[in-house]
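So the structure is just underneath, and the comments pick up after that.
Residue numbers (my numbering), protein chains in the order written: chain A, 1 to 154; chain B, 1001 to 1224.
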């Protein structure tokens, strides 16, 4: 396989370790990672004791050519989008590390854990207040949204 | 490998949502979110999760101790930040170029800059290709003076290259020991990339004035 960009090695590395030694409740869909590794789908399970305990969700990671210097695009896909104050019904997630607080030391695993943690700290299952408006007007990629991070509790 | 360790169990994830330093959240809207009202605290230790697991895991396998925190491979042309995090120089350089106006350590978000990182030279490193042949150039190692000099080191006047020291030991003869150094200031705080500035004419003039004042003072002392 040709190397389209230097950091493909890092993605292979991440994939290998995530498959070999996955953290509790997180698993990469086998066969989901395309041959160029730019598109992954990851299954996550709501943490025990949280409002989402036992629920299965699917995350889709899209890696740009500048990964890991640029964050991956991460959205919920599939039939079960968690009902959460920071998750829009189209699967977009409002999470600062996915945009401005991204760091190349983060990884697919770190992002998945952050999302599970975000779900776990939720106290009431509800959609964001501007869900209807956002879903109607947003761009296809959440990375094009100008997110406004204001809530560090949930 | 960093990042592959089972992290804190899911049970305690909800016990303290802020403890992992992550900031999730919020409300978006497509275009008109107010940039100015962004939470400036967002820069918290977002890297926490990755760091913790990397450290725990590093103890397990020796190799990952020397892996670059960005490419997750063994660090080549390694540099270490002041906060102690290891990177390949090309990786770190690229990250610093990505965020030129907010340069933070990818792992701990401490301040970081091209100048403040230290290159690591292993024993075999001389056999490798000179990293300076490659772009980007790795910053050079610094060679600060040893800190064993006497208490009267002199007063440095900023960066301008003017340095003056007084010896007040055996008064009045001590004044003869006064020295006026030009062009060597900043040696102790040496900065590898700072261009050497020629001595400022104003400072030269000033030092001559001081010298004459001192000479006149000594003469006056001898006469009186």
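C-beta atoms are modelled at their ideal positions from N, C-alpha and C, and glycine is treated no differently.
Asked	Found
Rounded C-alpha distance that separates residue 73/A from residue 90/A	14 Å
Bridge partner(s) assigned by DSSP for residue 77/A	58/A
Contact with chain A by residue 1077/B, beta-carbon distance below 8 Å	no
Residue 1104/B burial status per 10 Å Cβ neighbour count (16 or more: buried)	buried
Closest Cα partner of residue 110/A within the set 15/A, 7/A, 9/A and 131/A	15/A
Partner residues on chain B for residue 10/A, Cβ-Cβ distance less than 9 Å	1070, 1071, 1072 and 1073
Where the alpha helix (DSSP H) through residue 1208/B begins and ends	1201-1223
Beta-carbon contacts of residue 1146/B that lie in its chain and below 7 Å, excluding the five residues immediately before and after	none
Exposed unless 16 or more other CB atoms sit within 10 angstroms - verdict on residue 42/A	buried
Where residue 1003/B falls, given that 16 or more other Cβ within 10 Å makes a residue buried	Residue placement at residue 1003/B cannot be trusted, given a pLDDT of 41 that sits under 50; the coordinates are not used to answer.
Given residue 9/A as reference, the closest of 23/A, 37/A and 138/A once Cα atoms are compared	37/A
Local Cβ density within 10 Å of residue 84/A, reported as buried at 16 or more and exposed below that	buried
Proximity test, Cβ basis, 8 Å: residue 7/A and chain B	yes
When 99/A, 25/A and 137/A are compared against residue 57/A, the one with the closest alpha-carbon	25/A
Chain E contacts from the region 1094-1128 of chain B (Cβ-Cβ distance under 7 Å)	Any reference to chain E falls outside this structure, whose protein chains are A and B.
Listed by chain order, chain B residues near residue 30/A by CB distance under 7 Å	Those within 7 Å of residue 30/A in chain B number zero; the least Cβ separation is about 17 Å.
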